[in-house]
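Scroll down for the structure; my scribbles are underneath it.
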Amino acid sequence: MPAKPKESRVQEQRRQVLEAVRAVPPGQVAGYGEIARRAGLPGRARLVARILSAGDEPGLPWHRVLRSDGRIAFPPDSPAFAEQVQRLRAEGVRVEGGRVRGQRAAPSLDEMLWSPPGGPR
DNA sequence: ATATTGACCCGGA
DNA sequence: CTCCGGGCCAATA
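Positions 1 to 121 (full-length UniProt numbering) are the ones given, in order, by the first sequence.
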């Protein structure tokens, strides 16, 4: 007789995503798609967004997750937007016009292949 | 059961 | 820069 139905698929994926989000160090950012990839779920940026929208997991650095173009995922006039900007700035991230400057949320293929030594400049 | 909704992504026009 | 269209898929209606 089947005991525990293991861990449901969604729950396992959820765990993976949360892990990937926690892995983003302070002062750095990552795109939803980027997180999905790191979690072993390529092409599933939406799943990442949905999981974060749940709002559980205390202490999760959700504010380090942005859109691939470096923009905050909330409407500019929303409270959540303001909070995310504030949290990012508190970590030394430069945010201008609802967009993070100074680093890339989703590195382009070119960047990854060329990866200029010494970093972009 | 089908339909709509998202803290999304990406290439092309 | 914007707009468009396809891909993605769990949750909600």
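We treat Cβ as the ideally placed atom computed from N, Cα and C, and that holds for glycine.
| query | result |
| --- | --- |
| CB-CB length for I72 against V93, believed under 8 Å | Contact doesn't hold; Cβ gap of about 11 Å is too wide. |
| F74 to Q13 span [Cα, whole Å] | 24 Å |
| Complete alpha helix (DSSP H) runs within the region 24 to 88 (minimum length 4 residues, chain order) | 32 to 38 and 45 to 54 |
| 8 Å Cβ shell around R89 - same chain, five flanking residues per side excluded | V95 |
| Simplified DSSP state of V93, which is helix, strand or coil | coil |
| Cβ-based burial, G119 [other Cβ within 10 Å; buried from 16] | Unreliable placement is indicated for G119, whose pLDDT of 48 sits below 50; no coordinate value is reported for it. |
| Sequence-distant residues of its chain with Cβ nearer than 8 Å to R121 (five each side left out) | Residue placement at R121 is flagged as unreliable, the pLDDT there being 39, under the threshold of 50; a coordinate-derived value is accordingly withheld. |
| Alpha carbon of L60 to alpha carbon of R22, nearest angstrom | 6 Å |
| P117, DSSP secondary structure in three states | Residue placement at P117 is poorly supported in this model, since its pLDDT is 44, which falls under 50; the coordinates still yield a value, given next. Looking at P117 - three-state DSSP - the assignment turns out to be coil, as it is neither helix nor strand. |
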